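> Residue numbers (full-length UniProt numbering), protein chains in the order written: chain Y, 1 to 258; chain W, 1 to 285.
For glycine and all other residues, C-beta sits at the position ideal for the given N, C-alpha and C.
Here the structure is a predicted model, which is why all the values come from computation and not from measurement.
The structure's right below; bear with me while I get my questions together.
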Amino acid sequence: MSPATYLCCMNGIIKREILRFLQQRTRLLSVLVRPLLWLVVFAAGFRSALGISIMEPYSTYITYQQYITPGLGGMIILFHCMQSSLSMVYDREMGSMKVLLMSPVPRSFLLFSKLVAGAILSTVQVIIFLFITRLVGIDIEFTGYLYAVPAIFLTAFFLSALGLMLANLITQLENFAGVMNFVIFPMFFLSSALYPLWKMQEANVVLFWICQYNPFTHCVELLRFALYGQINELAFAVVFSSAVVTCVIALVTFRGRG
Amino acid sequence: MIKPIDTKLNAAAQNNFSLTEPDRMRSSASIEVRNLSYCYGKKRVLDCVNLTLPRGINILLGPNGAGKSTLFSLLTGLKSASLAKTGAGKDLAVDTANNEIKVCGLSLQSARRNIMRSMGVVFQQSTLDLDLTVKQNLLYHASLQGISSANALSNISDILSVLALKDKLDVKVRALNGGHRRRVEIARALLHLPSVLLLDEPTVGLDIESRALIIKYVRALTQREGLCVLWATHLMDEVTLEDRLIVLSGGDVKAHGITQDLCSQYQVDDVPQLYRKLTASMEVI
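The following block contains the structure:
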């Protein structure tokens, strides 16, 4: 099979995911409204309560809104990737997955293409969100965007693979929603998305260590540093290795349904 | 236009050209199943099935739960015939050492990718993307087969014209009726010019006109292109006396042969009587 066949196949899968996403306008809207609510309402309310001292990568005191922006970017990716996995369970239930699996291209490549498609869509959504945050005074320099794109893509790829891994474990659509509550919320709240980890360490050491070992914390930190034109090596290493491991597990454990 | 396969084969022979892989596969279009058994947990749904399906229409008749869809899943590789999991609640393909499925002379286990290129399938359950248009659905399928959009578009145009769907090209599938959706699925199955066509109850739930159109088209196409078609149904009026008939019931092949010969052999007048005799079923439509 020629590389052109593989490219044609990946192109088709990415195009289909984009078309499907564009068809669901309310989904796009909800993806943006949720983090914007956090940014405008939640962050405004807690602005005075949660002061952020100088910490890397910031060179000066910052507002709480500035602090949670990368975390909310991470939230968009997390929700989108899990929703994509949900659609995979739906496709499997409804039979659409059969069409994909009837391709002569190896299944692992088909699923890899789906992960890439999910990562591309997440990247676009976060970039749109970051542009909108300018309206509430979050200024990101051009280099920040340049660094952010690969960071978002890598994070999204990792979380998509995690979602696929979960989708493999779930046999019924109904079960997926329940499991999401045990994945999305713990991953999000037990991370540095909403509060710096030193604050968590002051409050509870056990929770602090859980946050430290939560890969989503490193996703957020990777994005936080990238928005300031920097690379957090530890975060990059954790997210990259997590992406590789989850991708391999997801592809190996994938089961279609006959 | 899609060239008839016989024309291609003759031209290749006369000009001493070598046949392309799809042509070669089409010239040997057939399905062979040997000792195929399959269980869902403890329930055996296929019991040592042996079948040889040559070119032409092969009708698979059987009541609900006969094992038709499981057979389709195994033939398409969606279920693995070499799967050997054990334990309660797990699917189990038994006698894995003797199981064999060959499509166009190639073993499904070792040449799945080549087989998928030459196989078109219409599943019992609709598998179209409702939010995409007919064209988008067909182009998606073409891309999965490694066919570029430009090449696919000319095939799409030809097939949709024959299936009277050309005016629906830019219509969302959600807006189509059941008959049109089914026709789109058939168009999709034929888009990559397969040599083997699997149709799992393709006419169920359709009105008379839609059914007639689909039956007429598939029969004409099979004759013209020399396809091997496996058509699962429980609608007896879709069977003609010239078709090869397989009656599957309770996971067993009860009879296999030309319909007319089977009717003579079992001393019955028509297919419903034959079916009733072999399956002891009252489900005759």
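For residue 136 of chain W, which residues in chain Y fall below 9 Å Cβ to Cβ?
Neighbours of residue 136 of chain W on chain Y, chain order: 15, 16 and 19.
> Assuming residue 170 of chain Y and residue 14 of chain Y make a contact with CB atoms under 8 Å, what is their CB distance in whole Å?
The pair is not a contact, with the Cβ atoms about 24 Å apart (cut-off 8 Å).
> Give a yes or no on whether the minimum CB-CB distance between residue 11 of chain Y and chain W is below 9 Å.
Interface residue, yes.
> How many Å lie between residue 74 of chain Y and residue 10 of chain Y at the Cα?
Approximately 25 Å, taken between the alpha carbons.
> For residue 87 of chain W, which three-state DSSP category applies?
Confidence in residue 87 of chain W is poor, its pLDDT being 40 and thus under 50, which makes the residue's placement too unreliable to answer from.
> Step through the CB atoms of chain W and report whether any lies within less than 9 Å of the CB of residue 101 of chain Y.
At a cut-off of 9 Å between C-beta atoms, residue 101 of chain Y counts as an interface residue with respect to chain W.
> Cutting at 6 Å between CB atoms, please list the residues of its own chain near residue 155 of chain W, excluding the five before and the five after it.
191
> According to the Cβ coordinates, are residue 129 of chain Y and residue 6 of chain Y closer than 9 Å?
No, they are not a contact pair.
> Using beta-carbon positions only, say whether residue 138 of chain Y and residue 230 of chain Y come within less than 9 Å of one another.
no
> Report yes if the CB atom of residue 226 of chain W is closer than 9 Å to the CB atom of residue 66 of chain W, and no otherwise.
In this structure, residue 226 of chain W keeps its C-beta atom at 9 Å or more from the C-beta atom of residue 66 of chain W.
> Using only CA atoms, which one of Y:241, Y:96 and Y:32 lies nearest to residue 126 of chain W?
Comparing Cα-Cα distances from residue 126 of chain W to each of Y:241, Y:96 and Y:32, the minimum goes to Y:96.
> Leaving out five residues before and five after residue 269 of chain W in sequence, what residues of the same chain have Cβ atoms less than 8 Å from its Cβ?
263
> Rounding to the nearest angstrom, what Cα-Cα distance links residue 91 of chain Y and residue 99 of chain Y in this structure?
10 Å
> If you reduce the DSSP assignment to three classes, tell me which class residue 215 of chain W lands in.
If DSSP states are grouped into helix, strand and coil, residue 215 of chain W belongs with the helices.
> What span of residues does the alpha helix (DSSP H) with residue 141 of chain W cover, start to end?
134 to 144
> Is the beta carbon of residue 36 of chain W sitting closer than 9 Å to the one on residue 46 of chain W?
Pairing residue 36 of chain W with residue 46 of chain W gives a Cβ-Cβ distance under 9 Å.
> Closer than 8 Å by C-beta to residue 254 of chain W: which residues in its own chain qualify, once you throw out the five before and the five after it? Chain order, please.
247, 248, 278 and 279
> Under 9 Å, Cβ to Cβ, is there at least one residue of chain W near residue 145 of chain Y?
For residue 145 of chain Y, no Cβ of chain W is located within less than 9 Å of the residue's own Cβ.
> Using a Cβ-Cβ cutoff of less than 8 Å, which residues in the same chain neighbour residue 40 of chain Y once the five nearest sequence positions on both sides are dropped?
136
> Quick check on residue 145 of chain Y: does DSSP put it in helix, strand or coil?
helix
> By a C-beta neighbour count over all protein chains shown, 10 Å radius and 16 as the cutoff for buried, is residue 252 of chain Y buried or exposed?
exposed
> Closer than 9 Å, CB to CB, is residue 105 of chain Y near chain W or not?
yes
> Going by the beta-carbon positions, is the gap between residue 119 of chain W and residue 198 of chain W smaller than 9 Å?
yes
> Run through the stretch 99 to 166 of chain Y for me and flag every whole alpha helix (DSSP H) of 4 or more residues, listed as ranges in chain order.
107 to 132
> Runs of 4 residues minimum, wholly inside the stretch 206 to 270 of chain W: which ones carry the alpha helix (DSSP H) assignment?
Those alpha helix (DSSP H) runs which fall completely within the stretch 206 to 270 of chain W and span 4+ residues are 208 to 225 and 259 to 265.
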